[in-house]
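Trainee:
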Amino acid sequence: MTEGEQQFDEEYADLGATTQNAMDIAETSMDIVRQFVPDETLADRIRQKSVHSMGDIEFQHLIEFSGSNDLGDDEDAPVRAGARAVLEESTIVTDITMSKAGITGRGHNCEKRKAIGNGAELAKKTGMTRTAASVLELDKQGVYDDAIATIGNAPTAAFALADCIENGTRPAVIVATPVGFVKAEESRQRIREVSEAYDVPAITNVGRRGGSGLAAALTNELIHVAKDVRTDGLELDLTADERAAQAASGSEEDE
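When we follow the working numbering, the leftmost residue of the sequence shown carries the number 27, and every step to the right adds one.
1) What are the complete alpha helix (DSSP H) segments, minimum 4 residues, inside the region 205-248?
2) Would you mind reading off the limits of the alpha helix (DSSP H) that contains residue 161?
3) Distance check for residue 224 and residue 182, CA to CA, integer angstroms please.
4) If you draw a straight line from the C-alpha of residue 253 to the C-alpha of residue 150, how long is it?
5) Return the chain-ordered list of same chain residues with a C-beta closer than 7 Å to the C-beta of residue 247, the five sequence neighbours on each side being excluded.
6) Grab the span of the alpha helix (DSSP H) containing residue 123 for me, first residue to last.
7) Does the distance from the CB of residue 163 to the CB of residue 193 come in under 8 Å?
8) Quick check: the Cα distance between residue 78 and residue 197, rounded to an integer number of angstroms?
9) In terms of DSSP beta bridges, what is residue 91 paired with?
10) For residue 46, which residues of its own chain have a beta-carbon under 7 Å away from its beta-carbon, when the five flanking residues on both sides are left out?
11) What are the boundary residues of the alpha helix (DSSP H) that includes residue 105?
12) Grab the span of the alpha helix (DSSP H) containing residue 59 for me, first residue to last.
13) Provide the residue(s) that pair with residue 139 in DSSP beta bridges, ordered along the chain.
14) Out of 62, 104 and 101, which one is the CA nearest neighbour of residue 85?
15) What residues in its chain sit with their C-beta under 6 Å from that of residue 83, if we drop five residues either side in the sequence?
16) Less than 8 Å separating the beta-carbons of residue 112 and residue 249?
17) From residue 258 to residue 159, what does the alpha carbon distance come to, in whole angstroms?
18) For residue 3, report the span of its alpha helix (DSSP H) as first-last.
19) On the criterion of 16 or more Cβ atoms from any shown chain inside 10 Å, does residue 208 qualify as buried, or is it exposed?
20) Going by CA-CA distance only, name the one from 195, 167, 107 and 268 that's closest to residue 245.
21) Roughly how many angstroms separate the alpha carbons of residue 178 and residue 156, rounded to a whole number?
22) Tell me where the beta strand (DSSP E) around residue 152 begins and ends.
23) Could you check what DSSP says for residue 98 in three-state terms: helix, strand or coil?
24) Quick one, which of 142, 229, 153 and 123 has its alpha-carbon nearest residue 87's?
25) Which whole-angstrom value describes the C-beta separation of residue 270 and residue 67, a residue pair presumed to lie in contact below a C-beta threshold of 8 Å?
26) Express the C-alpha separation of residue 236 and residue 268 in angstroms, rounding to a whole number.
Structure below.
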(Lines of atoms letter the chains of each structure in order from A and count residues from 1; the text may use other names and numbers.)
(Lines give C-alpha, C1' and ligand atoms only; values in the text may rest on other atoms or scores of the structure.)
Protein backbone atom coordinates (compact mmCIF):
# COMPACT_ATOMS: atom_id res chain seq x y z
CA MET A 1 0.00 0.00 0.00
CA THR A 2 1.38 3.40 -0.96
CA GLU A 3 1.59 6.28 1.50
CA GLY A 4 -1.35 7.97 -0.24
CA GLU A 5 -3.45 4.82 -0.10
CA GLN A 6 -2.60 4.34 3.59
CA GLN A 7 -3.67 7.90 4.33
CA PHE A 8 -6.91 7.34 2.43
CA ASP A 9 -7.53 4.12 4.32
CA GLU A 10 -6.98 5.78 7.68
CA GLU A 11 -9.13 8.77 6.79
CA TYR A 12 -12.01 6.58 5.68
CA ALA A 13 -11.49 3.64 8.02
CA ASP A 14 -15.22 3.64 8.64
CA LEU A 15 -17.65 5.48 6.39
CA GLY A 16 -20.07 6.34 9.17
CA ALA A 17 -18.21 6.58 12.44
CA THR A 18 -15.63 9.29 13.03
CA THR A 19 -14.58 8.79 16.70
CA GLN A 20 -12.90 5.73 18.20
CA ASN A 21 -15.92 4.97 20.38
CA ALA A 22 -18.27 5.20 17.40
CA MET A 23 -16.00 2.99 15.29
CA ASP A 24 -15.87 0.39 18.07
CA ILE A 25 -19.67 0.37 18.27
CA ALA A 26 -20.01 0.09 14.49
CA GLU A 27 -17.54 -2.80 14.28
CA THR A 28 -19.13 -4.65 17.20
CA SER A 29 -22.54 -4.25 15.58
CA MET A 30 -21.27 -5.63 12.26
CA ASP A 31 -19.54 -8.52 14.06
CA ILE A 32 -22.92 -9.46 15.50
CA VAL A 33 -24.55 -9.21 12.07
CA ARG A 34 -21.90 -11.52 10.59
CA GLN A 35 -22.91 -14.20 13.07
CA PHE A 36 -26.22 -14.45 11.24
CA VAL A 37 -25.41 -13.40 7.66
CA PRO A 38 -22.84 -15.11 5.41
CA ASP A 39 -19.63 -13.21 4.69
CA GLU A 40 -18.38 -14.74 1.47
CA THR A 41 -19.56 -12.65 -1.46
CA LEU A 42 -20.06 -9.00 -2.31
CA ALA A 43 -23.80 -9.65 -2.28
CA ASP A 44 -23.39 -10.89 1.30
CA ARG A 45 -22.00 -7.47 2.22
CA ILE A 46 -25.18 -5.88 0.91
CA ARG A 47 -27.28 -8.35 2.88
CA GLN A 48 -25.28 -7.57 6.01
CA LYS A 49 -25.78 -3.86 5.50
CA SER A 50 -29.52 -4.35 5.02
CA VAL A 51 -29.75 -6.26 8.30
CA HIS A 52 -27.67 -3.63 10.07
CA SER A 53 -29.80 -0.82 8.64
CA MET A 54 -33.19 -2.42 9.35
CA GLY A 55 -32.30 -4.07 12.66
CA ASP A 56 -33.85 -7.28 11.36
CA ILE A 57 -31.85 -10.48 10.76
CA GLU A 58 -34.53 -11.87 8.45
CA PHE A 59 -34.29 -8.89 6.12
CA GLN A 60 -31.28 -10.53 4.45
CA HIS A 61 -33.71 -12.85 2.70
CA LEU A 62 -35.67 -9.92 1.18
CA ILE A 63 -32.79 -8.46 -0.85
CA GLU A 64 -32.85 -9.14 -4.60
CA PHE A 65 -30.01 -8.81 -7.14
CA SER A 66 -30.77 -8.55 -10.86
CA GLY A 67 -29.19 -7.59 -14.16
CA SER A 68 -25.61 -8.20 -15.22
CA ASN A 69 -22.22 -6.63 -15.78
CA ASP A 70 -19.31 -7.70 -17.95
CA LEU A 71 -18.60 -10.80 -15.81
CA GLY A 72 -22.15 -12.12 -15.90
CA ASP A 73 -25.49 -12.09 -14.13
CA ASP A 74 -24.52 -13.65 -10.80
CA GLU A 75 -25.73 -11.97 -7.61
CA ASP A 76 -22.50 -9.98 -7.20
CA ALA A 77 -23.01 -8.23 -10.56
CA PRO A 78 -24.85 -5.14 -9.21
CA VAL A 79 -22.27 -4.71 -6.45
CA ARG A 80 -19.38 -4.98 -8.90
CA ALA A 81 -21.09 -2.47 -11.19
CA GLY A 82 -21.84 -0.09 -8.33
CA ALA A 83 -18.32 -0.19 -6.92
CA ARG A 84 -16.86 0.33 -10.38
CA ALA A 85 -19.13 3.33 -10.89
CA VAL A 86 -17.90 4.80 -7.59
CA LEU A 87 -14.30 4.27 -8.66
CA GLU A 88 -15.09 6.02 -11.94
CA GLU A 89 -16.63 8.91 -9.98
CA SER A 90 -20.08 8.54 -11.50
CA THR A 91 -22.90 10.77 -10.30
CA ILE A 92 -25.09 9.46 -7.49
CA VAL A 93 -28.69 10.52 -8.14
CA THR A 94 -31.28 10.07 -5.40
CA ASP A 95 -35.04 10.53 -5.54
CA ILE A 96 -35.45 12.83 -2.53
CA THR A 97 -33.42 14.92 -0.09
CA MET A 98 -33.52 12.32 2.70
CA SER A 99 -31.89 9.65 0.52
CA LYS A 100 -29.20 12.10 -0.57
CA ALA A 101 -28.49 13.20 3.00
CA GLY A 102 -27.95 9.62 4.12
CA ILE A 103 -25.24 8.90 1.56
CA THR A 104 -21.77 9.58 2.89
CA GLY A 105 -19.70 12.35 1.38
CA ARG A 106 -16.52 10.56 2.37
CA GLY A 107 -14.61 7.78 0.67
CA HIS A 108 -15.47 8.85 -2.86
CA ASN A 109 -15.40 11.73 -5.31
CA CYS A 110 -18.84 11.23 -6.82
CA GLU A 111 -21.20 14.16 -7.22
CA LYS A 112 -24.41 13.66 -5.25
CA ARG A 113 -27.63 14.99 -6.78
CA LYS A 114 -31.31 14.69 -5.93
CA ALA A 115 -34.11 14.48 -8.45
CA ILE A 116 -36.77 16.25 -6.39
CA GLY A 117 -36.93 19.94 -7.22
CA ASN A 118 -36.68 19.39 -10.96
CA GLY A 119 -39.60 19.02 -13.32
CA ALA A 120 -42.04 21.28 -11.45
CA GLU A 121 -43.66 22.50 -14.66
CA LEU A 122 -44.11 18.95 -15.95
CA ALA A 123 -45.74 17.89 -12.68
CA LYS A 124 -48.08 20.88 -12.78
CA LYS A 125 -48.99 20.32 -16.41
CA THR A 126 -49.59 16.57 -16.23
CA GLY A 127 -50.62 16.02 -12.63
CA MET A 128 -47.96 13.35 -12.11
CA THR A 129 -46.03 13.30 -8.84
CA ARG A 130 -43.14 15.70 -8.36
CA THR A 131 -40.68 12.84 -7.98
CA ALA A 132 -41.76 11.15 -11.23
CA ALA A 133 -41.58 14.46 -13.07
CA SER A 134 -38.17 15.13 -11.54
CA VAL A 135 -36.80 11.80 -12.77
CA LEU A 136 -38.11 12.45 -16.28
CA GLU A 137 -36.64 15.95 -16.30
CA LEU A 138 -33.19 14.78 -15.21
CA ASP A 139 -33.36 11.94 -17.70
CA LYS A 140 -33.94 14.47 -20.51
CA GLN A 141 -30.65 16.03 -19.42
CA GLY A 142 -28.85 12.67 -19.60
CA VAL A 143 -28.15 12.63 -15.86
CA TYR A 144 -29.10 8.99 -15.31
CA ASP A 145 -26.86 7.47 -17.98
CA ASP A 146 -23.91 5.73 -16.24
CA ALA A 147 -25.13 7.07 -12.87
CA ILE A 148 -25.78 5.34 -9.57
CA ALA A 149 -29.55 5.73 -9.32
CA THR A 150 -30.78 5.51 -5.72
CA ILE A 151 -34.51 5.49 -4.96
CA GLY A 152 -35.50 5.15 -1.33
CA ASN A 153 -38.90 6.75 -0.95
CA ALA A 154 -41.01 7.29 -4.05
CA PRO A 155 -42.53 4.38 -5.99
CA THR A 156 -43.47 6.78 -8.79
CA ALA A 157 -39.78 7.66 -9.19
CA ALA A 158 -39.00 3.96 -9.67
CA PHE A 159 -41.79 3.60 -12.25
CA ALA A 160 -40.53 6.68 -14.09
CA LEU A 161 -36.94 5.42 -14.11
CA ALA A 162 -38.11 2.05 -15.44
CA ASP A 163 -39.86 3.84 -18.31
CA CYS A 164 -36.65 5.77 -19.02
CA ILE A 165 -34.68 2.53 -19.18
CA GLU A 166 -37.17 1.10 -21.67
CA ASN A 167 -36.53 4.21 -23.76
CA GLY A 168 -32.76 3.72 -23.77
CA THR A 169 -31.39 5.18 -20.52
CA ARG A 170 -28.68 3.06 -18.94
CA PRO A 171 -27.71 3.73 -15.32
CA ALA A 172 -24.55 2.02 -14.08
CA VAL A 173 -26.56 0.51 -11.23
CA ILE A 174 -29.90 1.01 -9.48
CA VAL A 175 -30.56 0.80 -5.74
CA ALA A 176 -34.35 0.88 -5.34
CA THR A 177 -36.07 0.34 -1.99
CA PRO A 178 -39.15 2.62 -2.05
CA VAL A 179 -41.35 2.01 0.95
CA GLY A 180 -45.10 1.97 1.47
CA PHE A 181 -48.45 0.32 0.88
CA VAL A 182 -49.36 1.93 -2.45
CA LYS A 183 -47.45 0.53 -5.44
CA ALA A 184 -44.11 0.33 -3.58
CA GLU A 185 -43.75 -3.42 -4.00
CA GLU A 186 -44.95 -3.20 -7.60
CA SER A 187 -42.47 -0.43 -8.40
CA ARG A 188 -39.56 -2.56 -7.24
CA GLN A 189 -40.84 -5.48 -9.29
CA ARG A 190 -40.96 -3.15 -12.29
CA ILE A 191 -37.32 -2.20 -11.69
CA ARG A 192 -36.36 -5.87 -11.56
CA GLU A 193 -38.19 -6.53 -14.83
CA VAL A 194 -36.36 -3.80 -16.76
CA SER A 195 -33.13 -4.72 -15.00
CA GLU A 196 -33.33 -8.25 -16.36
CA ALA A 197 -34.65 -7.22 -19.77
CA TYR A 198 -31.97 -4.60 -20.43
CA ASP A 199 -29.08 -5.93 -18.31
CA VAL A 200 -29.08 -2.95 -15.97
CA PRO A 201 -27.69 -4.10 -12.60
CA ALA A 202 -30.10 -3.47 -9.72
CA ILE A 203 -30.41 -4.06 -5.99
CA THR A 204 -33.98 -4.10 -4.68
CA ASN A 205 -36.03 -5.72 -1.93
CA VAL A 206 -39.34 -7.51 -1.77
CA GLY A 207 -42.25 -6.72 0.52
CA ARG A 208 -43.62 -3.41 1.77
CA ARG A 209 -40.63 -2.33 3.82
CA GLY A 210 -37.67 -0.28 2.65
CA GLY A 211 -37.11 3.44 2.74
CA SER A 212 -34.54 6.16 2.28
CA GLY A 213 -32.35 4.98 5.16
CA LEU A 214 -32.04 1.52 3.62
CA ALA A 215 -31.34 2.90 0.14
CA ALA A 216 -28.64 5.19 1.52
CA ALA A 217 -27.09 2.37 3.56
CA LEU A 218 -26.88 0.06 0.54
CA THR A 219 -25.40 2.83 -1.58
CA ASN A 220 -22.88 3.50 1.18
CA GLU A 221 -21.86 -0.16 1.04
CA LEU A 222 -21.13 0.21 -2.68
CA ILE A 223 -18.87 3.10 -1.70
CA HIS A 224 -17.27 0.96 1.00
CA VAL A 225 -16.60 -1.86 -1.48
CA ALA A 226 -14.97 0.66 -3.82
CA LYS A 227 -12.86 1.93 -0.91
CA ASP A 228 -11.69 -1.62 -0.22
CA VAL A 229 -10.75 -2.04 -3.88
CA ARG A 230 -8.75 1.17 -3.75
CA THR A 231 -6.99 0.64 -0.45
CA ASP A 232 -7.02 -3.08 0.41
CA GLY A 233 -6.65 -4.67 -3.00
CA LEU A 234 -10.11 -6.23 -3.06
CA GLU A 235 -10.62 -7.88 -6.45
CA LEU A 236 -13.71 -6.89 -8.39
CA ASP A 237 -13.13 -9.27 -11.29
CA LEU A 238 -14.50 -12.35 -9.56
CA THR A 239 -17.96 -13.88 -9.79
CA ALA A 240 -19.89 -14.67 -6.63
CA ASP A 241 -19.07 -18.39 -7.00
CA GLU A 242 -15.36 -17.65 -7.44
CA ARG A 243 -15.37 -15.33 -4.44
CA ALA A 244 -17.20 -17.87 -2.28
CA ALA A 245 -14.73 -20.59 -3.30
CA GLN A 246 -11.84 -18.28 -2.47
CA ALA A 247 -13.36 -17.54 0.94
CA ALA A 248 -13.87 -21.27 1.60
CA SER A 249 -10.28 -21.99 0.63
CA GLY A 250 -9.05 -19.31 3.01
CA SER A 251 -11.14 -20.76 5.83
CA GLU A 252 -9.67 -24.23 5.27
CA GLU A 253 -6.14 -22.84 5.40
CA ASP A 254 -6.92 -21.15 8.72
CA GLU A 255 -8.02 -24.43 10.34
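Glycine is no exception: its CB is placed at the ideal position from the N, C-alpha and C atoms.
Mentor: Let me spell this out:
1) With a minimum length of 4 residues, the continuous alpha helix (DSSP H) runs that stay inside the region 205-248 are 210-224.
2) On the sequence shown, position 135 is the one that residue 161 refers to. Membership of residue 161 in the alpha helix (DSSP H) is indicated by the continuous run 156-166.
3) As a position in the sequence shown, residue 182 is number 156, starting the count at 1. As a position in the sequence shown, residue 224 is number 198, starting the count at 1. Cα to Cα, the separation comes out at about 20 Å.
4) Here residue 253 corresponds to residue number 227 of the sequence shown, with the count starting at 1. Here residue 150 corresponds to residue number 124 of the sequence shown, with the count starting at 1. Rounded to whole angstroms, residue 253 to residue 150 spans 42 Å at the Cα level.
5) Position 221 of the sequence shown, counting from 1, holds the residue named residue 247. Excluding its 5 nearest sequence neighbours in each direction, residue 247 has C-beta neighbours in its own chain below 7 Å: 71, 72 and 75, listed in chain order.
6) Position 97 of the sequence shown holds residue 123. Segment 123-128, the alpha helix (DSSP H) holding residue 123.
7) By one-based count along the sequence shown, residue 163 stands at place 137. By one-based count along the sequence shown, residue 193 stands at place 167. No, the Cβ-Cβ distance between residue 163 and residue 193 is not below 8 Å.
8) Start at 1 with the first residue of the sequence shown, and residue 78 comes out as number 52. Start at 1 with the first residue of the sequence shown, and residue 197 comes out as number 171. Rounded to whole angstroms, residue 78 to residue 197 spans 26 Å at the Cα level.
9) The residue you call residue 91 lines up with position 65 of the sequence shown. Paired residue(s): 229.
10) Here residue 46 corresponds to residue number 20 of the sequence shown, with the count starting at 1. So the list is empty, once near-sequence residues are dropped.
11) As a working mapping, residue 105 is identified with position 79 in the sequence shown. Membership of residue 105 in the alpha helix (DSSP H) is indicated by the continuous run 103-113.
12) Here residue 59 refers to the residue found at position 33 when the sequence shown is read from its first residue. Per DSSP, the continuous alpha helix (DSSP H) segment holding residue 59 begins and ends at 46-60.
13) To locate residue 139, count along the sequence shown from 1; it is residue 113. Looking at the DSSP assignment, residue 139 forms a beta bridge with 119.
14) Residue 85 sits at position 59 when you count from the first residue of the sequence shown. Ranking 62, 104 and 101 by CA distance to the CA of residue 85 puts 62 first.
15) As a working note, residue 83 is residue 57 in the sequence shown. Cβ neighbours of residue 83 beyond the five flanking positions: 62 and 77.
16) The sequence position of residue 112 within the sequence shown is 86, counting from 1. The sequence position of residue 249 within the sequence shown is 223, counting from 1. Contact flag set, yes.
17) Taking the sequence shown and counting its residues from 1, the one referred to as residue 258 is at position 232. Taking the sequence shown and counting its residues from 1, the one referred to as residue 159 is at position 133. If you take the alpha carbons of residue 258 and residue 159, they lie about 41 Å apart.
18) Since the first residue shown for the chain is 27 and the last is 281, residue 3 is missing from the structure and cannot be characterised.
19) On the sequence shown, position 182 is the one that residue 208 refers to. Residue 208 is exposed by the Cβ-count criterion.
20) Stepping through the sequence shown from its first residue, residue 245 is reached at position 219. 107 is the residue among 195, 167, 107 and 268 whose C-alpha sits nearest the C-alpha of residue 245.
21) Within the sequence shown, residue 178 is the residue found at index 152, counting from 1. Within the sequence shown, residue 156 is the residue found at index 130, counting from 1. Between the alpha carbons of residue 178 and residue 156 lies a gap of roughly 15 Å.
22) Counted from its first residue, the sequence shown places residue 152 at position 126. Careful: residue 152 lies outside any beta strand (DSSP E), inside the alpha helix (DSSP H) at 146-152.
23) Against the sequence shown, residue 98 aligns to sequence position 72. Secondary structure at residue 98: strand, using DSSP grouped into helix, strand and coil.
24) Walking along the sequence shown from the start, residue 87 turns up at place 61. When each option's Cα is compared against that of residue 87, the closest is 229.
25) Locating residue 270 in the sequence shown gives position 244, where the first residue counts as 1. Locating residue 67 in the sequence shown gives position 41, where the first residue counts as 1. Here residue 270 really is in contact with residue 67; their C-beta atoms are around 6 Å apart, less than 8 Å.
26) Residue numbering aside, residue 268 sits at position 242 when the sequence shown is read from its first letter. Residue numbering aside, residue 236 sits at position 210 when the sequence shown is read from its first letter. Whole-angstrom Cα-Cα distance: 30 Å.
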